[in-house]
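Quick note, the sequences are listed as chains X and Z, same order. With my numbering applied, the first sequence covers 1 to 170. With my numbering applied, the second sequence covers 1 to 170. Ideal Cβ placement from N, Cα and C applies to all residues, glycine included. Here the structure is laid out as structure tokens; the discussion comes afterwards.
2 protein chains.
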Amino acid sequence: MRLTTKGRYAVTAMLDLALNQGKGAVTLQDIALKQEISLSYLEQLFAKLRGNGLVKGTRGPGGGYRLAQSAEAISVAAIITAVDEKADMTRCGGEANCQDGKKCLTHELWTDLSLEIYKFLDGITLFNLVNRPEVREVAERQEIEQQSHSSGLQSIVVESDQLTGTTNRY
Amino acid sequence: MRLTTKGRYAVTAMLDLALNQGKGAVTLQDIALKQEISLSYLEQLFAKLRGNGLVKGTRGPGGGYRLAQSAEAISVAAIITAVDEKADMTRCGGEANCQDGKKCLTHELWTDLSLEIYKFLDGITLFNLVNRPEVREVAERQEIEQQSHSSGLQSIVVESDQLTGTTNRY
DNA sequence: ATTTAACCAACTATAACACTTGGTTTTTTC
DNA sequence: GAAAAAACCAAGTGTTATAGTTGGTTAAAT
């Protein structure tokens with residue numbers, strides 16, 4: 001169980017999905033703007049999440065992503081595992097071959113810790129997170145910011161599109 | 001609290017020190033051979049450990065490092081913190097300024113987890129580790145391997161020294 | 001037909017880690 | 001007092017994963 005911003009991005013994006021479950025599919029464009037993550041990077045993360053059966057995407061206008069399982073069934077640990085696919089930690093990476101094929105001095109310590117972290121993150125589901133008051137608070141703030149953002153931005157993009165011929169993907 | 005092989009190296013080395021507390025100072029050369037860590041990298045790690053008051057070094061022949069505090073007083077968390085000096089995790093790195101100066105969606109989740117990990121590692125001291133049977137087992141194996149190693153290696157190094165004019169530092 | 005959005009592949013930049021090189025200084029030992 | 005052993009120090013290099021970019025193709029709705 002590795003911990004990196006990659007996993008954090010994935011959890012944040014999945015939480016965004018869970019929060020907007022009622023409103024149909026959510027586009028990555030949306031998430032990219034709200035959570036300030038590069039769109040293409042999100043695409044790469046969602047390819048893995050989809051491969052692991054955590055989300056399903058629908059193409060075309062009105063399309064986007066939605067959870068493939070209920071929010072109760074998706075744990076934070078599952079999300080991180082899906083995205084990180086055990087880029088194992090050089091030595092002590094699971095097997096006990098850290099020291100010439102044998103266990104290194106601190107082998108048990110790290111496996112114990114890994115288990116501890118896993119248990120913690122496996123005990124927290126998207127459903128749990130959605131119902132946390134702090135999360136709801138931040139989510140509402142983002143909702144408002146996004147509206148003022150997109151209403152202003154959309155027209156700018158359309159105009160500059162005609163002038164420069166380029167569309168910015170972020 | 002970041003988790004990387006860097007911290008693992010540091011804990012392993014410190015544990016080696018704790019295990020050999022009775023026999024006076026331990027040289028980094030020794031640790032490098034036994035734990036298979038590059039000597040110069042160890043030097044860098046020990047510079048930080050020394051700076052954080054966890055070890056003290058004595059120079060010259062017969063010198064080396066020993067613990068600056070009792071094994072009971074040194075927690076694994078303290079070692080990792082000393083060596084990692086909070087290369088903070090891009091966003092959500094302690095302060096709540098992950099989203100335009102405000103908290104991001106999953107801020108609490110990561111701070112909770114960090115605290116959990118810290119508590120776990122802070123509850124384990126070098127003294128605890130030294131007394132674990134698996135650790136003692138591995139330590140004994142290393143003791144034997146080192147003896148056959150050094151008695152064989154020392155003469156080889158001396159001989160090849162005179163022939164090639166080079167000394168390998170590892 | 002056009003637009004929207006998922007889907008896909010290959011490339012680039014950056015940063016941290018792990019390690020190397022080549023020293024100096026201090027202390028012990030002969 | 002010379003030589004050796006060790007800590008101490010600074011500046012580099014190689015590698016790897018992350019994070020992001022570029023430039024597409026396909027599927028579905030208006």
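Item: For the pair the stretch 53-69 of chain X and the stretch 22-39 of chain X, tell me if three or more CB-CB distances fall below 8 Å.; Value: yes
Item: Determine the direct distance from the alpha carbon of Val76(Z) to that of Ala77(X), and round the result to whole angstroms.; Value: 24 Å
Item: Using a beta-carbon distance below 8 Å, is Val83(Z) in contact with chain X?; Value: no
Item: Go ahead and pull the three-state DSSP assignment for Leu105(X).; Value: coil
Item: What does Ala139(X) touch in chain Z if you count any residue whose Cβ is under 9 Å from its own?; Value: Leu105
Item: Verify whether the separation of the beta carbon atoms of Leu105(X) and Val135(Z) is less than 8 Å.; Value: yes
Item: Whose C-beta lies closer than 8 Å to the C-beta of Ile117(Z) among residues of the same chain, with five residues either side of it excluded?; Value: Met1, Leu3
Item: Give me the subset of the stretch 35-47 of chain X whose CB atoms are less than 9 Å from a CB atom of chain Z, sorted by chain position.; Value: Gln35, Glu36
Item: Count the other CB atoms, across all protein chains shown, that sit within 10 Å of the CB of Asp100(Z); report buried if there are 16 or more and exposed otherwise.; Value: exposed
Item: Since Thr58(X) is in the beta strand (DSSP E), which residue starts that stretch and which ends it?; Value: 55-58
Item: Leaving out five residues before and five after Leu15(X) in sequence, what residues of the same chain have Cβ atoms less than 8 Å from its Cβ?; Value: Leu126, Leu129, Val130, Val135
Item: Using a Cβ cut-off of 8 Å (strictly closer), state whether Val135(X) contacts chain Z.; Value: yes
Item: Can you check whether the CB of Val55(X) is closer than 8 Å to the CB of Ala68(X)?; Value: yes
Item: Straight-line CA distance for Arg141(X) to His107(Z)?; Value: 14 Å
Item: For Thr58(X), count neighbouring Cβ atoms within 10 angstroms of its own Cβ and tell me buried if that reaches 16, exposed if not.; Value: exposed
Item: Check each candidate in Thr5(Z), Lys6(Z), Leu42(Z) and name the one with the smallest Cα separation from Leu17(Z).; Value: Leu42(Z)
Item: For Thr5(Z) and Ala71(Z), what's the separation of their Cα atoms in angstroms?; Value: 22 Å
Item: Starting from Gly190(Z) and walking both ways along the beta strand (DSSP E), at which residues does that stretch end?; Value: Residue 190(Z) cannot be examined here, being either before or after the span of chain Z that is shown, 1 to 170.
Item: Check Ser114(Z) in the structure and name its three-state DSSP category.; Value: helix
Item: Please say whether Ala10(Z) and Leu49(Z) have beta carbons closer to each other than 8 Å?; Value: yes
Item: Beta-carbon of Arg132(Z) versus every beta-carbon of chain X: anything under 8 Å?; Value: yes
Item: Quick one: using the 10 Å Cβ neighbour count with 16 as the cut-off for buried, is Ile79(X) buried or exposed?; Value: buried
Item: Taking the alpha carbon of Leu109(X) as the reference point, which residue from Phe120(Z), Leu45(Z), Ser114(Z), Lys102(Z) has its own alpha carbon closest?; Value: Phe120(Z)
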